[in-house]
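First comes the structure, then the notes that go with it.
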Ligand SMILES: [Zn+2]
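Right under this line is the structure:
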């Protein structure tokens, strides 16, 4: 996310928030999405493993299954897909659909428990719901069908968390002193980053250390099953699992991992040899966003002062965050990309120059 100052010709005209044409490779739209991998660039085994990060992609995984000839990988994927859990999503929906508190309390002991199949789940459910009316049982059945799928992270255990520890995916909050750890594969050594808030973050340095102790598995399970952790954790575990089991996962053979193919070698060369061109340079001052390929976000002004006055009123530094005219002047004068500094409640307390 960034904003930058560009010096452009005073008569430069280009629609605001539209990517400057000089930054877009005109040959790109001649590439064709690879039908073999549907644009993912991965072979079917890799796609199956990576899609296991997303519960809503189970139907996509089913479609990929016939394309994959690695039987143990398919068995593994099925075992993950069969897992059920009455987690946050189920409870939220149950509440929304009018399940009263006394019923939800009865289901509470099953919360976050991971079952290997729907049958296993029902074996525990039946004694609890025995006295509930038929219509409520039917409603519960529908809710389970829709909202009781467990993500792969629900099945994470010590093995997976050790992988995440090596990748630096376990947040520093889970270690004493809020120290960040990861394993340096090149140097074959553990390294740590002391995130000392009393020091400027530029002074933080990765230094060799002993292997840290894995934090409590219960706490980690809670974190990795929450919405806070991204699909990156599954990606790392998928890669490690495949390596360990010797599964041939990797790039799509048809497009060499590009996700698209070219109609001819000539077009591909034209695409590769194209170079971008900046807007016409001049005396004007204009604010650009660099989040996409790059587009102007303000008119062209004759002075930096005028631009900053406009920006304070009309432009954001990051998401919806604004800056004062003086802050803009400092940022753009140094031509730095900025992000806001937030307090624990997400309120802007200043800007950070990065
Ligand atoms: Zn492909």
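Numbering (the working numbering), first residue to last: 18 to 371.
No residue lacks a Cβ here, since even glycine has one placed at the ideal position from N, Cα and C.
Quick caveat: nothing in here was measured; it's all calculated off a predicted structure.
- Relative to the non-hydrogen atoms of ligand 1, the Cβ of residue 85 never comes closer than 7 Å to any of them.
- Residue 163 carries a helical assignment under DSSP once its states are collapsed to helix, strand and coil.
- In the pairwise beta carbon analysis, the region 223-242 is classified as touching the region 169-184: at least three pairs are separated by under 8 Å.
- Here residue 340 is buried. Its C-beta has 16 or more other C-beta atoms within 10 Å.
- About 5 Å separates the Cβ atoms of residue 62 and residue 85, confirming a contact at the 8 Å cut-off.
- In this structure, residue 54 has its CB closer than 7 Å to one or more heavy atoms of ligand 1.
- With a cutoff of 7 Å, residue 62 does not count as near ligand 1, since its C-beta is closer than that to no heavy atom of the ligand.
- Cβ atoms of residue 50 and residue 56 come within 8 Å of each other, at about 4 Å.
- Taking 8 Å as the cut-off, the beta carbon of residue 39 is found no closer than this to the beta carbon of residue 344.
- Relative to the non-hydrogen atoms of ligand 1, the Cβ of residue 276 comes within a distance shorter than 7 Å of at least one.
- When rounded, the separation of the alpha-carbon atoms in residue 71 and residue 248 is 8 Å.
- Of the candidates 108, 142, 167, 167 places its Cα closest to the Cα of residue 69.
- Only residues of its own chain outside the window of five on either side were considered, and among them 241 have a CB closer than 6 Å to the CB of residue 173, listed in chain order.
- A Cβ-Cβ separation of about 7 Å places residue 108 in contact with residue 121 under the 8 Å criterion.
- Counted as a single uninterrupted DSSP element, the stretch harbouring residue 249 is not any beta strand (DSSP E) but the alpha helix (DSSP H) occupying residues 249-262.
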